[in-house]
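Here the structure comes first, spelled out in structure tokens, and everything after it is commentary.
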Amino acid sequence: MAREAMDAYLAARLAAVHAPLVVGVPPANAFRDLVQLPDGELRSYGSRDECRVYARSRDCGLSWAECPVPEGAMGAAVRSPWSGQWLTVMTHGGHAHFAWRTPDLGERGTYVLRASALDGPCEATRITGVLLGMPRQPLALKHRSRWIAATAFSPGDSPSGCYQPVVLYSDDDGHSWEQVVLPPAPPHTIGWPHQGVRWQNGAVEPTVVELSDGRLYMLMRTSQDCHYQAYSEDGGASWSAPEPSRFFATLTMPTLQALADGRILALWCNTAALPEFDHEAQLELNANERQGGSEDVFTNRDAFHAAISDDDGKSWRGFRELLLNGRRNDGDFRSSGGNAGSLDKSIHQSQAVELPGGKVLVSVGQHAFCRRLVIFDPSWLLEAERSDDFHLGLSDWSVHQYLKSMAGNFRGIAGHCSFNRCAGARLVPDPAGTPREVLHVARYPDPRLVLEPQGAVWNFPAGQAGEVSLELRVPRGGQGVRLCVTDHWFNPVDPVVDQLAQIVVLVDGVGRVAGSSAFALDIWQALSLRWDCQAETAAWRLDENEWQELP
Numbered sequence: 000m001a002r003e004a005m006d007a008y009l010a011a012r013l014a015a016v017h018a019p020l021v022v023g024v025p026p027a028n029a030f031r032d033l034v035q036l037p038d039g040e041l042r043s044y045g046s047r048d049e050c051r052v053y054a055r056s057r058d059c060g061l062s063w064a065e066c067p068v069p070e071g072a073m074g075a076a077v078r079s080p081w082s083g084q085w086l087t088v089m090t091h092g093g094h095a096h097f098a099w100r101t102p103d104l105g106e107r108g109t110y111v112l113r114a115s116a117l118d119g120p121c122e123a124t125r126i127t128g129v130l131l132g133m134p135r136q137p138l139a140l141k142h143r144s145r146w147i148a149a150t151a152f153s154p155g156d157s158p159s160g161c162y163q164p165v166v167l168y169s170d171d172d173g174h175s176w177e178q179v180v181l182p183p184a185p186p187h188t189i190g191w192p193h194q195g196v197r198w199q200n201g202a203v204e205p206t207v208v209e210l211s212d213g214r215l216y217m218l219m220r221t222s223q224d225c226h227y228q229a230y231s232e233d234g235g236a237s238w239s240a241p242e243p244s245r246f247f248a249t250l251t252m253p254t255l256q257a258l259a260d261g262r263i264l265a266l267w268c269n270t271a272a273l274p275e276f277d278h279e280a281q282l283e284l285n286a287n288e289r290q291g292g293s294e295d296v297f298t299n300r301d302a303f304h305a306a307i308s309d310d311d312g313k314s315w316r317g318f319r320e321l322l323l324n325g326r327r328n329d330g331d332f333r334s335s336g337g338n339a340g341s342l343d344k345s346i347h348q349s350q351a352v353e354l355p356g357g358k359v360l361v362s363v364g365q366h367a368f369c370r371r372l373v374i375f376d377p378s379w380l381l382e383a384e385r386s387d388d389f390h391l392g393l394s395d396w397s398v399h400q401y402l403k404s405m406a407g408n409f410r411g412i413a414g415h416c417s418f419n420r421c422a423g424a425r426l427v428p429d430p431a432g433t434p435r436e437v438l439h440v441a442r443y444p445d446p447r448l449v450l451e452p453q454g455a456v457w458n459f460p461a462g463q464a465g466e467v468s469l470e471l472r473v474p475r476g477g478q479g480v481r482l483c484v485t486d487h488w489f490n491p492v493d494p495v496v497d498q499l500a501q502i503v504v505l506v507d508g509v510g511r512v513a514g515s516s517a518f519a520l521d522i523w524q525a526l527s528l529r530w531d532c533q534a535e536t537a538a539w540r541l542d543e544n545e546w547q548e549l550p
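Here the sequence shown is numbered in numbering that gives the first Met the number 0, starting from 0 and rising by one per residue.
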């Protein structure tokens, strides 16, 4: 009876989860260390004080406890639906931060590890002497008895001399593997609004999902403004040429997850980085960084998004922020928490598993200060409305500004490809005297800032048609304000967002819109924007006045 009561209690707690709920901190940077056992136990593998550990949950991810990894066990893996054995594909002999993930394998290379029990001894077979970058956990196909493992060549090993997608596939339950190499995406080139090249990633960190008809769909990280995509019609033995996808992203990892009901979940950073700086003027950069061989600074890894498709990826709904980086306003962003566990601080890498009742657990992020375990209900992505009155502060807003910091990769000191930050726009008492707090967006001269104008970014469910309303107070003596509706996240301080946004309303310092008097100064007025993508129309109005078309 007690067991039944506990099961009912846990089921009720899990059923109550709807919007994203942070439930823990994974012990490793996300992308391959989350495991779901046949009995429902969840594990998130990693390390603590140079010892291999895993966080364990026996209540569907609602709480976690840390355990040591048994000596000789291989760690995170997937279970074969054909033999019941556990297996994984793993590199050995590369970056030091990979070393804790596996037992000592001897020769440098990429291996398949197999074990009868997850906590038991494993046997390792080298697939290739090449270090294939960041291999995902193998995917067991449903339309044929085949494993797929998505990974990539690094520049020193690829035929093209840049990062290049690789698919490994096995038709004998992982005992032997064939290799398929896909061409990379085009390199980034200098053009408006950029003054330098991005880190040239080609195509890397691929993720693969099986569609309802047996085709495979792949998304890849690139240096372009979007993830690239490719399809396979023969179970991964050949692929279409990579091409731009509809997912906006730059130098961040995508993740595709098939759900039990046939829907597909997309997890990614639907974000735009700041325009590239003139690298020749960044005197601290070395030649490799200036020429795109590595990064100067990341500015688009603080917002993490999700969308869902019920038609094999033909259309998507949601595009909602699943998580914002809790450290996004930190003045010591670069150095806080040290670099021992991770050089990067972000919420861009991810992995997901489906829980009972259709809930989803996501492991996301890099560095213990930023990465999180999050549970949510996919139905949350189908909501059509959102509102905010600041009673929870700015937890759902991006308002950070960047402080001038040393650019470039790790130099043996704290900080890696990042700016320190500060909160820009702030909540202040309503200047009209009502008992509430309002968001104050301004510009203050400060030579420490990369960009002085403040901004604020808030996400709501995407729609082909919709309306957004807010109260706005234009102060006397100001220089005006710009409001933009966009289809992806921009930095609060982005200097060119008005030239890339789908809808822009510019209010000048005396309250005029498009040269016509509109706002009265120093009073609150309701501004509404509406749009219809199919009709290609957008309009705005103040209070209950007539709608006015936007160009």
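Quick reminder that beta carbons are idealized off the backbone N, C-alpha and C, glycines included.
Treat the numbers as computed from the prediction; the structure is a model and nothing was measured.
Okay, do the segment 447–457 and the segment 388–402 touch, 3+ Cβ pairs below 8 Å being the bar? yes
Between which residues of its own chain and HIS347 is the CB-CB distance below 6 Å, once the five residues before and five after are set aside? Only THR251, MET252, CYS268 and ARG300 meet the Cβ criterion.
The alpha helix (DSSP H) enclosing GLU288, as first and last residue numbers: 286–289
DSSP beta-bridge partners for ILE263? ALA257 and SER308
CA nearest to the CA of LEU520, picked from PRO137, TYR443, PRO430 and LEU448: With distances taken between Cα atoms, LEU520 lies closest to PRO430.
Do you know offhand how far GLU551's Cα is from ALA29's? Absent from the structure is residue 551, since the part of the chain shown begins at 0 and ends at 550.
For ALA95, which three-state DSSP category applies? Any reading at ALA95 is ruled out, since the residue's pLDDT is 36, under 50, leaving its predicted position unreliable.
Could you pull out every residue in the same chain whose Cβ sits closer than 7 Å to the Cβ of GLN463, ignoring the five residues on either side in sequence? For GLN463, the CB contacts under 7 Å within the same chain, skipping 5 residues up- and downstream, are CYS532 and GLN533 in chain order.
8 Å contact criterion, which PHE247 and ALA265 should meet: CB distance rounded: In fact, because the Cβ distance is near 12 Å, the residues do not count as touching under 8 Å.
Distance, VAL440 Cα to ARG420 Cα: So the alpha carbons of these two residues sit roughly 16 Å apart.
On the criterion of 16 or more Cβ atoms from any shown chain inside 10 Å, does ARG143 qualify as buried, or is it exposed? exposed
Thinking PHE297 and LEU321 are a contact (beta carbons under 8 Å), I'd like their distance in whole angstroms, please. That pair is no contact at about 19 Å.
Based on the DSSP output, what are the partners of VAL427 in its beta bridges? VAL437
Which of the three DSSP states, helix, strand or coil, is assigned to GLY356? helix
Using only the alpha-carbon positions, how far apart do SER404 and ALA15 sit? 43 Å
Given a cut-off of 7 Å on the beta-carbon distance, is the pair VAL506 and VAL473 in contact? yes
Cross-strand partners of ARG442 (DSSP beta bridge): Its beta-bridge partners are PRO452.
Give a single yes or no on whether VAL196 has its beta carbon closer than 6 Å to a heavy atom of the ligand HEM. No copy of the ligand HEM occurs in the structure displayed, which carries no ligand at all.
What span of residues does the beta strand (DSSP E) with PHE247 cover, start to end? 242–247
If I follow the unbroken beta strand (DSSP E) through ASP531, where does it start and stop? Element bounds for ASP531: 523–531.
Between which residues of its own chain and VAL467 is the CB-CB distance below 6 Å, once the five residues before and five after are set aside? LEU528
Quick one: give me the first and last residue of the beta strand (DSSP E) that PHE332 is part of. Looking at the DSSP string, PHE332 is not in any beta strand (DSSP E), and its letter there is neither H nor E.
Taking 7 Å as the threshold (C-beta atoms), are THR127 and GLY108 in contact? yes
DSSP state of PRO205, grouped into three classes? strand
Within its chain, find whatever has a CB closer than 8 Å to the CB of CYS82; leave out the 5 residues flanking it on each side and keep chain order. As written in the sequence, residue 82 is Ser, which differs from the Cys given in the question. Result list for SER82: ASP172, in chain order.
Could you tell me which whole beta strand (DSSP E) segments of length 3 or greater appear in the segment 57–90? Complete beta strand (DSSP E) runs here, min 3: 64–67.
Hey, LEU33 and SER362: beta-carbon distance below 7 Å or not? In contact: LEU33 and SER362 (Cβ atoms closer than 7 Å).
DSSP three-state label for TRP146, please. strand
State the Cα-Cα distance for the pair GLN350 and LEU526, rounded to the nearest angstrom. Taking the straight line from one Cα to the other gives about 40 Å.
Got a sec? Which residues, its chain only, sit under 6 Å from SER79 by beta carbon, not counting five neighbours each side? Correct list, in chain order: ASP172.
Kindly identify the DSSP beta-bridge partner or partners of GLU382. Bridge partners of GLU382 according to DSSP: none are assigned.
Please confirm if the segment 369–384 is in contact with the segment 20–28, defined as three or more CB-CB distances below 8 Å between the two stretches. For the pair of segments examined, the segment 369–384 was found to touch the segment 20–28: the number of CB pairs separated by less than 8 Å reaches three.
Could you name the residues of the same chain whose beta carbon sits closer than 7 Å to that of GLN281, not counting the 5 residues immediately before and after it, in chain order? ASP295 and ALA406
Tell me, please, whether the segment 143–153 touches the segment 197–215 by the rule of three or more beta-carbon pairs shorter than 8 Å. yes
Taking all protein chains shown into account, decide if THR90 is buried (16 or more other Cβ within 10 angstroms of its Cβ) or exposed. buried
Chain-order list of residues whose beta-carbon lies under 8 Å from that of ALA114 (same chain, five-residue window excluded): ALA72, MET73, ALA76, GLN84, TRP85, LEU86, PRO120, CYS121 and GLU122
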